[in-house]
Every structure is written in structure tokens, then in C-alpha cells.
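Peer 1: The numbering of the first sequence is my numbering, which starts it at 1 and goes up by one.
We put the CB at the ideal spot given by N, CA and C, even for glycine.
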Amino acid sequence: MSQGIAERARLLREQINHHNYRYYVLDNPEIPDAEYDRLYRELEALEAAHPQLVTPDSPTRRVGGKPLESFAPVAHRVPMLSIHTETDIEASGALNFDARVRRELKLKDSDPPIEYACELKFDGLAINLRYEQGVLALAATRGDGETGEDVTQNVRTIRCIPLRLDTPSPPPVLEVRGEVFIPRPDFERYNEKQRESGGTPLVNPRNGAAGSIRQLDPAIAAQRPLSFYAYGIGETAGWETPASHSGLLDALRELGLPVSGERAVVQGPQGLAAFHDDIGRRRDSLPFDIDGVVYKVNSLALQAKLGFVSREPRWAVAHKFPPEEELTVVEAIEVQVGRTGALTPVARLKPVFVGGVTVSNATLHNQDEIDRLDVREGDSVVVRRAGDVIPEVVAVVKDRRPQPEPARFQILQRYPACPVCGSHVMRQPGEAAIRCSGGLYCPAQRKQALLHFASRRAMDIEGLGEKLVDQLVDLGLVRTPAELYKLGVAKVANLERMAEKSAANLLAAIEKSKRTTLARFIFALGIRNVGETTAKDLARHFGSLDALLAADADTLMQVPDVGPVVAESIAQFFAEPHNREVVEQLRAGGVSWPETAPQRKPLGALAGKTFVLTGTLPNMTRDEAKDRIEAAGGKVAGSVSKKTDYLVAGAEAGSKLLKAQELGIAILDEEALLGLLRPEAQGKLDF
DNA sequence: TGGCCTCGAGTTCA
DNA sequence: CTCGAGGCCA
Numbered sequence: 001m002s003q004g005i006a007e008r009a010r011l012l013r014e015q016i017n018h019h020n021y022r023y024y025v026l027d028n029p030e031i032p033d034a035e036y037d038r039l040y041r042e043l044e045a046l047e048a049a050h051p052q053l054v055t056p057d058s059p060t061r062r063v064g065g066k067p068l069e070s071f072a073p074v075a076h077r078v079p080m081l082s083i084h085t086e087t088d089i090e091a092s093g094a095l096n097f098d099a100r101v102r103r104e105l106k107l108k109d110s111d112p113p114i115e116y117a118c119e120l121k122f123d124g125l126a127i128n129l130r131y132e133q134g135v136l137a138l139a140a141t142r143g144d145g146e147t148g149e150d151v152t153q154n155v156r157t158i159r160c161i162p163l164r165l166d167t168p169s170p171p172p173v174l175e176v177r178g179e180v181f182i183p184r185p186d187f188e189r190y191n192e193k194q195r196e197s198g199g200t201p202l203v204n205p206r207n208g209a210a211g212s213i214r215q216l217d218p219a220i221a222a223q224r225p226l227s228f229y230a231y232g233i234g235e236t237a238g239w240e241t242p243a244s245h246s247g248l249l250d251a252l253r254e255l256g257l258p259v260s261g262e263r264a265v266v267q268g269p270q271g272l273a274a275f276h277d278d279i280g281r282r283r284d285s286l287p288f289d290i291d292g293v294v295y296k297v298n299s300l301a302l303q304a305k306l307g308f309v310s311r312e313p314r315w316a317v318a319h320k321f322p323p324e325e326e327l328t329v330v331e332a333i334e335v336q337v338g339r340t341g342a343l344t345p346v347a348r349l350k351p352v353f354v355g356g357v358t359v360s361n362a363t364l365h366n367q368d369e370i371d372r373l374d375v376r377e378g379d380s381v382v383v384r385r386a387g388d389v390i391p392e393v394v395a396v397v398k399d400r401r402p403q404p405e406p407a408r409f410q411i412l413q414r415y416p417a418c419p420v421c422g423s424h425v426m427r428q429p430g431e432a433a434i435r436c437s438g439g440l441y442c443p444a445q446r447k448q449a450l451l452h453f454a455s456r457r458a459m460d461i462e463g464l465g466e467k468l469v470d471q472l473v474d475l476g477l478v479r480t481p482a483e484l485y486k487l488g489v490a491k492v493a494n495l496e497r498m499a500e501k502s503a504a505n506l507l508a509a510i511e512k513s514k515r516t517t518l519a520r521f522i523f524a525l526g527i528r529n530v531g532e533t534t535a536k537d538l539a540r541h542f543g544s545l546d547a548l549l550a551a552d553a554d555t556l557m558q559v560p561d562v563g564p565v566v567a568e569s570i571a572q573f574f575a576e577p578h579n580r581e582v583v584e585q586l587r588a589g590g591v592s593w594p595e596t597a598p599q600r601k602p603l604g605a606l607a608g609k610t611f612v613l614t615g616t617l618p619n620m621t622r623d624e625a626k627d628r629i630e631a632a633g634g635k636v637a638g639s640v641s642k643k644t645d646y647l648v649a650g651a652e653a654g655s656k657l658l659k660a661q662e663l664g665i666a667i668l669d670e671e672a673l674l675g676l677l678r679p680e681a682q683g684k685l686d687f
């Protein structure tokens, strides 16, 4: 064995002990759990390969951290063990566990599948509740598994934990084991309140739970929205233990203890894998954080037969999901210039695998966010990506900041001029954003304006994407949207990857876009504060472009949902001679739409009705459904509220459906929607 | 003036 | 999808 390996093991032990202390004692970890797990696994592997390296005080030799001296120590009558973590994150982890169990039980392939109880692995703090004669007598943390801390006072404040078991004939002794945690919605609400009152918010639900249980003052613990789920038992006396794990949980629930409903009894390895997949899919919609699932052999008799390896049961395993938080390094902070000229800071990250994808960029939104996080270039940061949510920088690990410290990051200081066009940048009073003053002179803004103009909901020029726009602008071929309509084969042929076929396709798409609607045209202009909906309102209200061009701010305010701010944006846009010129060039270039008489009230079968769409409809895209509802005079809103008349729900409908049900809003499927859209349904709307 | 409700705008990766 | 802010109504 080389000197290097012994040294590495020593270093790992030191680090792990340090992080244990931060995590368990101070409740103030420096690194994400995944990083800690990696250190721990490396040490485990090292010790497995070189048993002579194992020292009695190695962190792998105990389950948790040191009990706090200020709480009375409690010796567990039955040790609180930890569960082995399946290293294989893929579904095959479930198969490995089943194979090990079958081998241990010396089963043949022809023997029937084993029955398992599956449950969630909560991300909280393990607790032992001791009921004597049915009364909660003692609550203790796990500690090192043998000895924990007496936290009875704090645990008594958790409302979902019964102080007395719900049975006329309680057993003399029943120890219940489970996890204390903070549900996510409660966590958000608590932090919201803390921020409002100027208090310190909790870092995350996991630390919030651990920290609250370790509060010396039970009054503080009582303020925290703690919750509890039972998942097992410790010492019992005079209690008739059920024959299976699932039966045991049922019995605990009968006694009034909270048991998670997210559990299942399954047969064989496929059942385990199916449970893992199902929970993995729903992980982000669960109201609490979990870091995986747990499989247990359901029969307690089989459990006894399987026994333990060192300190871990052979009959249970934890199967984790990919981490949702990871540690990485901010290699640089750059800015992007958007359509409105806003300078948006972006953290360029050392690529890191988190939440199932590799993340290399994360927006920092604005200077306020940079200040809040105090993120600097070179910092180590915690990146979180849950489900489909866009990755975010959660926190900076200050202890890992490079020395000497990099300066605080100030966008204005670093970018006194726009990085794209060199125009000066400024922060308007009352606005969070810093903007480039270059307007359409700035190539970045010009590119964004063109992309917006060509986008699907605007002029819908198919195939005119970012790469093409970059080239058109960089080569100076197109400076305004109007110049798109002056492109010929000769110019397009200059572009990369643009041979005859693609050039013809692009020109055809541009040609096709000439026939459009007034609403699309107004939206395409990219007027500040005028989105799709406002553009439609304007088109309907004025009926023609000339009427809109002639309107002053006061006239504009007569349009529903247009107030002083939006009216001013529109008036300013058309007061700019350059913008009027582009509009005229577009019309001269052949862009046209059917003009109508001004319409001050929507007409049609669905006039005055508000719809919300959710999920996937069988035979229609969302856009089609939206168009048809609007064609019939209805309005399509983005979210459900009291004002919603109908929710159109397709497959995989999510939270909107729930909300609509709560509010008692009529729910339609595709067929019912088509029924409303059919002409003969007119007049039948208000049943 | 305060409290909904919407709309607009910005954003990541495969 | 989510945040911030504009607009409307009580």
C-alpha cells in the first residue's frame, strides 16, 4: 500500500468529520449532500480495498453525528440502524437488490417472486418515539445509532404526532420510528413570513427540520412547520407485531400515527422498478422532498432470516434518485442583451450533472439577485434543478471562495458599455433591469427584434431561426424587418448552409408570411408592453392600422386593458419616425391583412366567456383550440381563477385541473369543447 | 389604496 | 414556468 492512499484516507476522514459537524451539529452545511455522499463513498471504497486503513474513529464506523452536549443522551434499546444505499441510480438498482435477497435466501429461479413493501425515503431527520402505556414518554434523535439525544420537548410540538395512542388497550411499550421533515409548501410559506418580518429564512427543508428539532427552546421549534411520517418500530413489549411490514404500517396508522400514503406492496424486481419509476416521475409534484425510495422485504419472518451485514439490514435498501442539487464553479459571469436591451447576467458554469441533465448556464436575473446571493466569479455554488424547472443558483459556498477574494460583481462597473454595440448602459429609476441605450442600432437588439418578428405567434416565418438571423445581421444583409422582404436569391446564397433548396424554402416562407392578420402584425413590431393579447385587443378595437397610427395616448386608453403605461409605450413607438418608416416599408413590401370595421365588443357564440386550456387534447393542438375559441369570440387565459368559465382539460392535465375542481369550474374535454363551438350550440351556453 | 388577475418578458436543454 | 408589474375594481 502506498503512502498516498493512507494520506488520502486520512484527508477524507478529516473532511467528512468536518462536514458532519457542520451538518449535524451546526445545521449549517457547506456543501450539497451529493458532494458529501461522494466523499463518503470514496472513503468507504478505500477502506473496503484496504481494510488495514480502517480506524475505530472513522466516520464510516458510525451512523450519524455526535449528540449535542446540551441535550440529555438517550441509549436506544434497539439500535437505530441505517439502510444501505444502492449505488446504482438506474432502475437496475432494484434488480441488484432482489438478486442479492434471493441469493441470500438460496432461492432458485423457479421459486415465486418475493413480496416487497416500497416506501419513500424522506429527506429529513430520523426520530424514535417511545410510547409507554400509550403515552408519548420519550423522543430521541438517531445520534450515532446507539445513543441519541432527548428531544421530547421539541417533538411534542409537532402537531401530527399523537401524544397518546388511539387505542383503549395500549401496549406497555411501543417505539415508533420515522422521519421528521418540513413539507415544501409549508417551508415556502414559513420563509416568506420570515423574509417579511426580517427574520432569517431556512436554507432548505432538510436543514430546517434538523435545526428545529435541535432547538434548545421548544417555543422556537413550535413555530416551525414540522411534520412526521412513521416507517418502522424499535423496542416493543406486549404488542402483537403484525407478520408483514405493510401490516405493521397499517397497524401504526390504526394507532393514530401518520403514515405516508405513498407506499405499495409489490411482487418481485419488476414491481420494485415500477415503483421507483412511478415515484421518480411524480417526485417534483410531491409536497415534500425525498431523495429516493426504500424497498423492504415485506415478510418479517423473511427479514429475520436475512438478518444484518455489519450494521445494515440485508432485507432493506435505499434506492436514490439523481441529485437535484449539485456543487459547481462559476467560471465567469457574462451578460446577454435581450430584445428590450436588458442586460441579463448569466453564470457560465463548469458543466455539472443535476436533475437528470448537464447544466452549464444559469441566469442570475439582475443585479439584485447577484447582490442577494453575493455571487462572484470563481465562486463555488449550489445549483438546483428540480424536474422541468429551469436551473438556478441557490447559494454560494463562501468557505470555498478563491483567495484572494474576487471583487463583488457589479454589472454596471464591469459593463459600463453594452458588450455588443458599445452604447452606454443605464438603470432607469424604479426598474430592476439595466438596459443598453443603443436601441435597434445594437446588433443584439436588432437580432432579437427580427427573431421576435419572425416567431411563430408573430409573422410565423418558418425556418428563420437564431443561426440565420445572426448571419443576416452580421453580414449587414438585413437591418430592419422590412428588409427581410427585399431578400433575393443572390443575397441568400451568401449564407452558410444555404444552397438552392434551403434558400428557396426560406424565400417561400418569407413570401408566405406576407399574408397575415393585423393582430399578428402589431405583435410582430415588438412594441414594449404589447404582447399577443394586447395586440389582439388593439387590432379588434381599431380594425385598421391607420386608425391605430392615428390614435394618441388618450384614445389608446379607451381600449380595454390598456392603461397609461401601455398607451405611452405605443404612442412613443409610433412617434419615432424610424418606426413609422419601417411600417410603411413593410406595407409597401407586400405585407397585408384583411382590415375590418372597428369592433368594440367581441361577437360570437362564446363572447364574454373565459377559457383555460391544460393538458394534451386528442385531436387538436393547444394553439388550434385557442384559435377556434377566439374565433368564436371567447377569451383564452393562462391560469385558472374565479373568473374562468370553462377549463378544457386533455391528457396529463396538471395543477390547473386541481384548481378548477376546487373552484367548482366547469370542466370540458375536447368533445364537449367542439360541442360548444358547433353553431347549433349557440344560445345553449347558459344552460 | 389594496388586492386580485392577467399579461409580458426572460430562460435551459435535448 | 415564474416573476414583476400593469390594470381594474371594491
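1. Which of helix, strand or coil does DSSP assign to Thr363?
2. Just how far apart, CA to CA, sit Thr621 and Gly650?
3. Name the DSSP beta bridge partners of Ser380, please?
4. Distance check for Val566 and Arg678, CA to CA, integer angstroms please.
5. Under a Cβ-count criterion, where at least 16 other Cβ atoms within 10 Å of its own Cβ denotes burial, should Lys5 be classed as buried or exposed?
6. Give me, in chain order, the residues of the same chain whose beta-carbon lies closer than 8 Å to that of Arg580; leave out the 5 immediate sequence neighbours on both sides.
7. In angstroms, rounded to a whole number, what distance separates the CA positions of Ala209 and His76?
8. Taking DSSP's pairing of strands, which residues face Leu163 in a bridge?
9. Does the distance from the C-beta atom of Ile127 to that of Gly178 stay below 8 Å?
10. Count the other C-beta atoms from every protein chain shown that fall within 10 angstroms of the C-beta of Ile220, then say buried if there are 16 or more, exposed otherwise.
11. Around the Cβ of Glu175, are there at least 16 other Cβ atoms within 10 angstroms (buried) or fewer (exposed)?
12. Using 8 Å for Cβ pairs, my map puts Glu331 next to Val383. What's the rounded Cβ distance?
13. I'd like to know if the region 147 to 166 and the region 274 to 282 are in contact, where contact means that at least 3 CB-CB pairs between them fall below 8 Å.
14. Under a three-way DSSP split, which group does Thr555 fall into?
15. For Glu595, which residues of its own chain have a beta-carbon under 8 Å away from its beta-carbon, when the five flanking residues on both sides are left out?
16. So Arg348 and Ala117 are supposed to be a Cβ contact under 8 Å. How far apart are they, rounded?
17. Considering Thr614, what are the terminal residues of the beta strand (DSSP E) in which it resides?
18. According to DSSP, is Val420 part of a helix, a strand, or is it coil?
19. So is Leu107 buried or exposed if we call it buried at 16+ other beta carbons inside 10 Å?
20. Evaluate Val489 with the Cβ neighbour count: other Cβ atoms within 10 Å of its Cβ, from every protein chain shown; 16 or more gives buried, anything less gives exposed.
21. With the cut-off set at 8 Å, would you say Gly341 and Arg446 are in Cβ contact?
22. Quick one, are the C-beta atoms of Val375 and Val381 less than 8 Å apart?
23. Should Arg540 and Gln599 be called a contact, given that it needs their Cβ atoms to be closer than 8 Å?
24. What is the rounded straight-line gap between the Cα of Leu12 and the Cα of Lys398?
25. Excluding the five sequence neighbours on either side, which residues of its own chain have a C-beta within less than 7 Å of the C-beta of Thr363, listed in chain order?
26. Give me, in chain order, the residues of the same chain whose beta-carbon lies closer than 6 Å to that of Arg628; leave out the 5 immediate sequence neighbours on both sides.
27. Quick one: using the 10 Å Cβ neighbour count with 16 as the cut-off for buried, is Ala304 buried or exposed?
28. Under 8 Å between the Cβ atoms of Ala230 and Leu216?
29. Taking the alpha carbon of Asp291 as the point to measure from, which residue in Met459, Leu257, Leu249 and Phe122 has its own alpha carbon closest?
30. Please say whether Met459 and Thr534 have beta carbons closer to each other than 8 Å?
31. For a test of the three-state rule: what should DSSP assign to Val394, helix, strand or coil?
32. Given a cut-off of 8 Å on the beta-carbon distance, is the pair Val101 and Leu306 in contact?
33. Should Val335 be labelled buried (16 or more other beta-carbon atoms within 10 Å of its own) or exposed?
34. Quick one: using the 10 Å Cβ neighbour count with 16 as the cut-off for buried, is Phe308 buried or exposed?
35. Within 10 Å of its beta-carbon, does Arg160 have 16 or more other beta-carbons around it, so buried, or fewer, so exposed?
36. Cα separation between Ser513 and Thr644?
Peer 2: According to the data block:
1. Taking the first residue of the first sequence as 1, we reach residue 363 at position 363. Here Thr363 sits in strand by DSSP.
2. In the first sequence, counting from the first residue as 1, residue 621 sits at position 621. In the first sequence, counting from the first residue as 1, residue 650 sits at position 650. About 10 Å.
3. Counting from 1 along the first sequence, the entry for residue 380 is found at position 380. Looking at the DSSP assignment, Ser380 forms a beta bridge with Val329.
4. Here residue 678 is taken as the residue at index 678 of the first sequence, counted from 1. Here residue 566 is taken as the residue at index 566 of the first sequence, counted from 1. Arg678 and Val566: Cα-Cα distance of roughly 36 Å.
5. Locating residue 5 in the first sequence gives position 5, where the first residue counts as 1. Per the sequence shown, the amino acid found at residue 5 is Ile instead of Lys. The residue in question, Ile5, is exposed, as its Cβ has fewer than 16 Cβ neighbours within 10 Å.
6. Sequence index remark: in the first sequence, residue 580 carries index 580 (1-based). Contacts found: Leu549 and Phe574.
7. In the first sequence, residue 209 corresponds to position 209, counting from 1. In the first sequence, residue 76 corresponds to position 76, counting from 1. Taking the straight line from one Cα to the other gives about 21 Å.
8. By one-based count along the first sequence, residue 163 stands at place 163. Beta-bridge pairing links Leu163 to no other residue.
9. In the first sequence, residue 127 corresponds to position 127, counting from 1. In the first sequence, residue 178 corresponds to position 178, counting from 1. The answer is yes: Cβ separation under 8 Å.
10. Here the question's residue 220 lines up with position 220 in the first sequence. Ile220 comes out exposed.
11. As a first step, residue 175 must be located in the first sequence, where it is residue number 175. With 16 or more other Cβ atoms within 10 Å, it is buried.
12. On the first sequence, residue 331 is found 331 positions in, with the first residue counted as 1. On the first sequence, residue 383 is found 383 positions in, with the first residue counted as 1. Glu331 to Val383, Cβ: 13 Å. No contact.
13. No: fewer than three Cβ pairs fall under 8 Å.
14. To locate residue 555, count along the first sequence from 1; it is residue 555. Helix, per DSSP.
15. One-based indexing of the first sequence puts residue 595 at position 595. Cβ within range, chain order: Leu518, Gly543, Ser544 and Leu545.
16. In the first sequence, counting from the first residue as 1, residue 348 sits at position 348. In the first sequence, counting from the first residue as 1, residue 117 sits at position 117. With 8 Å as the limit, Arg348 and Ala117 do not qualify as a contact, their Cβ atoms being about 46 Å apart.
17. Start at 1 with the first residue of the first sequence, and residue 614 comes out as number 614. According to the DSSP assignment, Thr614 belongs to the beta strand (DSSP E) that extends over Thr610 to Thr614.
18. Reading the first sequence from its first residue, position 420 is the one you call residue 420. Note: Val420 maps to coil in three-state DSSP.
19. Against the first sequence, residue 107 aligns to sequence position 107. Its Cβ having fewer than 16 others within 10 Å, Leu107 is exposed.
20. To locate residue 489, count along the first sequence from 1; it is residue 489. With fewer than 16 Cβ atoms within 10 Å of its Cβ, Val489 is classed as exposed.
21. For this step, residue 341 is matched to residue 341 along the first sequence. For this step, residue 446 is matched to residue 446 along the first sequence. Not a contact, by the Cβ cut-off of 8 Å.
22. Position 375 of the first sequence holds residue 375. Position 381 of the first sequence holds residue 381. Taking the C-beta atoms as reference points, Val381 is found nearer than 8 Å to Val375.
23. Here the question's residue 540 lines up with position 540 in the first sequence. Here the question's residue 599 lines up with position 599 in the first sequence. For the pair Arg540 and Gln599, the CB atoms are nearer than the 8 Å cut-off.
24. Against the first sequence, residue 12 aligns to sequence position 12. Against the first sequence, residue 398 aligns to sequence position 398. So the alpha carbons of these two residues sit roughly 21 Å apart.
25. As a working mapping, residue 363 is identified with position 363 in the first sequence. Excluding sequence neighbours, Thr363 sits near Thr344 and Val346.
26. Reading the first sequence from its first residue, position 628 is the one you call residue 628. Here the set comprises Leu677.
27. The residue labelled residue 304 in the question sits at position 304 within the first sequence. So Ala304 ends up on the exposed side.
28. What you label residue 230 is simply residue 230 of the first sequence in a count that begins at 1. What you label residue 216 is simply residue 216 of the first sequence in a count that begins at 1. The answer is no: Cβ separation not under 8 Å.
29. Reading the first sequence from its first residue, position 291 is the one you call residue 291. Nearest of Met459, Leu257, Leu249 and Phe122 to Asp291, Cα basis: Phe122.
30. Along the first sequence, read from residue 1 onward, the residue named residue 534 stands at position 534. Along the first sequence, read from residue 1 onward, the residue named residue 459 stands at position 459. No, the pair does not count as a contact, with Cβ atoms beyond the cut-off.
31. For the purposes of this step, residue 394 is taken as the residue at position 394 of the first sequence. In the structure shown, Val394 sits in a strand (DSSP, three-state: E or B).
32. Mapped onto the first sequence, residue 101 falls at position 101. Mapped onto the first sequence, residue 306 falls at position 306. The criterion of a C-beta distance shorter than 8 Å is satisfied by Val101 and Leu306.
33. Position 335 of the first sequence, counting from 1, holds the residue named residue 335. By the Cβ neighbour-count rule, Val335 is buried, with 16 or more other Cβ atoms within 10 Å of its own.
34. Position 308 of the first sequence, counting from 1, holds the residue named residue 308. It is exposed - the Cβ of Phe308 has fewer than 16 other Cβ atoms within 10 Å.
35. Locating residue 160 in the first sequence gives position 160, counting from the first residue. The question names Arg, but residue 160 is Cys in the sequence shown. Exposed, since its Cβ has fewer than 16 Cβ neighbours within 10 Å.
36. Residue 513 sits at position 513 when you count from the first residue of the first sequence. Residue 644 sits at position 644 when you count from the first residue of the first sequence. Distance from the CA of Ser513 to the CA of Thr644, rounded to the nearest whole angstrom, comes to 34 Å.
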